[in-house]
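One structure is given below, encoded as structure tokens.
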Amino acid sequence: MAFTEPDKLVSLEEAAGHVADGDVVALGGALSYREPMALVRELVRARRRDLHLVGSAHGIDVDLLVGAGAVRVLEESYVGYEQDFGLAPAYRRAAESGRLVLRETCCYTLLQQLRAAEYGIPFMPVRGIVGTGIRDLHPEYGEIRCPFTGQRLVAVPALAPDVALIHGLLADRQGNVHLARPLVLDERFAFASGKVVVTVERLASPSEVAEAGVVLPYFAVTAVVAAPYGAHPTSCYPHYTYDRAHLGEWVKAAGTDEGVRRYLDRYVLGPGGEEGYLGSVGEGRLRALGEWSASDERWKELLS
Amino acid sequence: MSSEFTIDEWMCAALANTIRDGEVVFHGFGSPCATIAMHVAKRTHARRMVLVEGSTYALDPDPAFVPPTSNDWSLMRRAAHVLRFEELFDLAARGGVDRMFLSGGQIDPHGNTNVTAIGPLDAPKVKLGGGGGGCNLSATVKTLTLWATRHRSGRTLVERCDVITDLGYVTPEGTRQELGFPGGGPEWLVSELGVFDFPDGRARLRRLYPDVSLDEVRAATGFELVVDPGLRPLPPPDPAAVALVRRLDPLGVRRREFSEQELHRRFRWADDGASCAACL
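Chains as they are written, first to last, in the numbering used here: chain A, 26 to 329; chain B, 5 to 284.
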């Protein structure tokens, strides 16, 4: 479906309305980088339930949604904080208690499933998976023999998420979006999903977006929200690096259900919106995250 | 340059020595030792390697420093180019990636690794982070270097992985050949106790760090230890490699892969200055 409205600028609340309970939701960005956190927080405020998340390697976006009780099915290739803060506590607790349906996936498998949806074909063949536990988590995968070479391959079905949530740098009101590299799976999500909801650091004129480089063209984009610091506490280079102290605060809180509740009250539900969230984080802290480019020393200091 | 070095520095240097010049090499996320090893190799014996960063997909960057998270612009700085996610994974699928680094909460003697769960998959005792791209990549990448920083715990090198995430030589479904996987499988397993190779598709202890005994390795290894008849101490690392490790990782992110006890180990270069720039 082509999205042709000339003005797609909406509030964050309206944007989150594009996600329904039970939807398959693709999260843009990855790990500590450019995750659609403003939308994630708004889904928590809207008390969305039973979401089926798909993505590659992710961190606080997934952990927060799981902690808030918004997720039923998890189809990500990794959830955690690498050597930085280790395992994702809320995710881990939910997975170990059986509250989540685990469908752990693999980056290339997910890419090929999105491509099948983009190409308009029912499946794509991939190698690997057979012999691993990932195969056991996916009864929907099939196995085929290539009609030309006889090779044995795994057939993975097309995957078209209901909604993709992406945070970018610039957009115009029509929905042309500029994203910086790494793009991770953002483009594939945008072209494979039924709806594409984008938050951006800043609204810009069509010519400014064109000059920066359109990565998602307007017809693929359903709604646009201006959400400065919309990836916080993940990074959105070149505007800001990730907020390591805040991430650490979440990881510590997420160790218990009570801690998750306190975090959500303090930062997400209590303040009631993004302005309140950013206020709770503090203007000084946010400004400091933009100082990464001042010098290697300052950058290193912010990440230590 | 101090006359001492530590196990984290040595392991990064040893991992670097698994890379051959001219190879296309990739690491995943959450793998500072592998990241550093690749940058050491690129600046010493493997100047023509094609270095692809694990999460930024940046080609041959010059990091300001190794950051605590892999998807950071520091690992993209001054890159020759930044690949798309798709470009890297397609390259690996068609056999264009020569080497990848993989680790695991569990590793079995066939080189299968587990980063998915400890305990059964339907009721995990510990839900680990997950494998990222490993369960496809390990089937098609030409050669794998495995590493483990918690060998001594006795829980890492196991007879059987609770769950297999990344493919070694043999799984319960069959061998690589039987399953039609074009990738070659693990070539090395470097741990904080020793170095293994895989001469017949099974891990074999080939080198020991000088402060580790064979009995210690045997006690820490959950599978029957096969030992190379030519078992020898690992030659000390090239001092230039150790200096690079320190320069690349001033935040000491690599040290987070190790238990505190390991980080207290101290080594010295021999009086005759003997070291090995590219041997294992």
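All C-beta atoms, glycine included, are put in the ideal place defined by N, C-alpha and C.
Q199/A and P231/A: beta carbons closer than 8 Å? On the first sequence, position 174 is the one that residue 199/A refers to. On the first sequence, position 206 is the one that residue 231/A refers to. Taking 8 Å as the Cβ cut-off, Q199/A and P231/A qualify as a contacting pair.
Whole-angstrom Cβ separation of R177/A and G184/B, contact assumed at under 8 Å? Working through the first sequence from its first residue, we reach residue 177/A at position 152. Working through the second sequence from its first residue, we reach residue 184/B at position 180. Confirmed, about 5 Å.
Would you tell me roughly how many angstroms separate the C-alpha atoms of G42/A and T29/A, rounded to the nearest one? The residue given as residue 42/A occupies position 17 in the first sequence. The residue given as residue 29/A occupies position 4 in the first sequence. Between G42/A and T29/A, the C-alpha separation is close to 19 Å.
For D109/A, tell me which candidate among G256/B, A278/B, G135/B has the shortest Cα-Cα distance. To locate residue 109/A, count along the first sequence from 1; it is residue 84. The candidate whose alpha carbon is nearest that of D109/A is G256/B.
Give me the Cβ distance between G58/B and H31/B, rounded to the nearest whole Å; I'm assuming they're in contact under 8 Å. Here the question's residue 58/B lines up with position 54 in the second sequence. Here the question's residue 31/B lines up with position 27 in the second sequence. The distance from the Cβ of G58/B to that of H31/B is about 4 Å, consistent with a contact at the 8 Å cut-off.
Taking A274/B as the reference, give the member of P240/B, Q265/B, R251/B, E264/B with the closest Cα. Counting from one through the second sequence, the residue named residue 274/B turns up at place 270. Selected option, being the one with the closest Cα: P240/B.
Measure from the C-beta of S102/A to each C-beta in chain B and report whether the shortest distance is under 8 Å. As a first step, residue 102/A is located in the first sequence; it is residue number 77 there, counting from the start. It does: the Cβ of S102/A has a partner Cβ on chain B nearer than 8 Å.
Any alpha helix (DSSP H) of 4 or more consecutive residues that is wholly inside the stretch 91-120 of chain A: Segments of the alpha helix (DSSP H) lying fully in the stretch 91-120 of chain A: 107-110.
Cβ closer than 7 Å: which chain A residues qualify as neighbours of Y61/B? Indexing the second sequence from 1 puts residue 61/B at position 57. Per Cβ cutoff of 7 Å: P207.
Please go through the stretch 18-77 of chain B and give each complete beta strand (DSSP E) segment of 3 or more residues, from N-terminal end onward. 28-31, 54-56
T247/A versus chain B: which residues are under 7 Å apart at the beta carbon? For the purposes of this step, residue 247/A is taken as the residue at position 222 of the first sequence. None at all; the shortest Cβ gap to chain B is about 23 Å.
Taking just the CA atoms, how far does P243/B sit from D46/A? Here residue 46/A refers to the residue found at position 21 of the first sequence. Here residue 243/B refers to the residue found at position 239 of the second sequence. Roughly 58 Å between the two C-alpha positions.
Identity of the residues DSSP links to R272/B by a beta bridge: Within the second sequence, residue 272/B is the residue found at index 268, counting from 1. Looking at the DSSP assignment, R272/B forms a beta bridge with E8/B.
Ends of the beta strand (DSSP E) at W151/B? The sequence position of residue 151/B within the second sequence is 147, counting from 1. Element bounds for W151/B: 147-152.
Enumerate in chain order the residues of its own chain whose CB-to-CB distance from V65/A is below 7 Å, with the five nearest sequence positions on each side excluded. Stepping through the first sequence from its first residue, residue 65/A is reached at position 40. So the qualifying residues of the chain are D86, L89, L90.
To the nearest angstrom, how far is it from the Cα of P233/B to the Cα of R210/B? Translated into positions along the second sequence, residue 233/B becomes position 229. Translated into positions along the second sequence, residue 210/B becomes position 206. Each residue's alpha carbon lies about 8 Å from the other.
So M149/A is in the alpha helix (DSSP H); what residue range does that whole segment cover? Here residue 149/A is taken as the residue at index 124 of the first sequence, counted from 1. Not the alpha helix (DSSP H): M149/A falls in the beta strand (DSSP E), residues 148-151.
Closer than 8 Å, CB to CB, is L267/B near chain A or not? Position 263 of the second sequence, counted from the first residue, corresponds to residue 267/B. Cβ-Cβ to chain A under 8 Å: no for L267/B.
If you measure from the beta carbon of G138/B to each beta carbon in chain A, is any gap under 8 Å? Here residue 138/B corresponds to residue number 134 of the second sequence, with the count starting at 1. Closer than 8 Å to some Cβ of chain A, the Cβ of G138/B qualifies, so yes.
Count the other CB atoms, across all protein chains shown, that sit within 10 Å of the CB of C244/A; report buried if there are 16 or more and exposed otherwise. As a position in the first sequence, residue 244/A is number 219, starting the count at 1. One detail in the question is off: residue 244/A reads as Phe in this sequence, not Cys. Answer is exposed; the Cβ neighbour count stays below 16.
With 16 other CB atoms within 10 Å as the buried threshold, where does H203/A fall? Indexing the first sequence from 1 puts residue 203/A at position 178. H203/A comes out buried.
Listed by chain order, chain A residues near W151/B by CB distance under 8 Å: As a position in the second sequence, residue 151/B is number 147, starting the count at 1. Residues of chain A passing the Cβ test: none, with the nearest at roughly 13 Å.
For R250/B and R323/A, what's the separation of their Cα atoms in angstroms? As a working note, residue 250/B is residue 246 in the second sequence. As a working note, residue 323/A is residue 298 in the first sequence. Inter-residue distance for R250/B and R323/A is about 19 Å (C-alpha atoms, whole angstroms).
Using beta carbons (cut-off 8 Å, strictly below), is V194/B in contact with chain A? Taking the second sequence and counting its residues from 1, one reaches residue 194/B at position 190. Not closer than 8 Å to any Cβ of chain A, the Cβ of V194/B fails to qualify, so no.
Could you give the DSSP three-state label for G178/B: helix, strand or coil? The count along the second sequence starts at 1 and reaches residue 178/B at position 174. Correct three-state label for G178/B: strand.
Are V174/B and G135/B closer than 8 Å when you measure CB to CB? Working through the second sequence from its first residue, we reach residue 174/B at position 170. Working through the second sequence from its first residue, we reach residue 135/B at position 131. No. Outside cutoff.
Does DSSP put M26/A in a helix, a strand or coil? Working through the first sequence from its first residue, we reach residue 26/A at position 1. In this structure, M26/A counts as coil in the three-state DSSP scheme.
Of the choices D211/A, F173/A, S218/A, R59/A, whose alpha-carbon is the least far from that of P186/A? Here the question's residue 186/A lines up with position 161 in the first sequence. Looking at the Cα atoms, S218/A is the closest of the given residues.
Only counting runs of 3 or more residues, tell me where the beta strand (DSSP E) segments fall wholly within the stretch 278-317 of chain A, in order along the chain. none
By how many angstroms is the C-alpha of V222/A removed from the C-alpha of V35/A? Position 10 of the first sequence, counted from the start, is the residue given in the question as residue 35/A. Position 197 of the first sequence, counted from the start, is the residue given in the question as residue 222/A. V35/A and V222/A have their C-alpha atoms some 10 Å from each other.
Looking at C-beta atoms only, is the number of pairs between the stretch 290-309 of chain A and the stretch 63-82 of chain A that lie closer than 8 Å three or more? yes
Measuring only between beta-carbons, confirm whether G53/A sits less than 8 Å from chain B. Within the first sequence, the letter at position 28 stands for residue 53/A. Not an interface residue.
Suppose you measure from the CA of V225/B to the CA of E163/B; what does that come to, to the nearest Å? Position 221 of the second sequence, counted from the start, is the residue given in the question as residue 225/B. Position 159 of the second sequence, counted from the start, is the residue given in the question as residue 163/B. The sequence shown places Thr at residue 225/B, rather than the Val named in the question. Whole-angstrom Cα-Cα distance: 9 Å.
Just the Cα atoms here: how many angstroms apart are L229/B and V79/A? Here residue 229/B corresponds to residue number 225 of the second sequence, with the count starting at 1. Here residue 79/A corresponds to residue number 54 of the first sequence, with the count starting at 1. One C-alpha to the other measures close to 41 Å.
Strictly under 8 Å for the Cβ-Cβ distance: is G135/B near chain D by that measure? Structure shown: chain D not included; protein chains present are A and B.
Excluding the 5 residues preceding and the 5 following C131/A in the sequence, name in chain order all residues of the same chain whose CB lies nearer than 8 Å to its CB. Stepping through the first sequence from its first residue, residue 131/A is reached at position 106. So the list reads S102, G153, I154, I159, once near-sequence residues are dropped.
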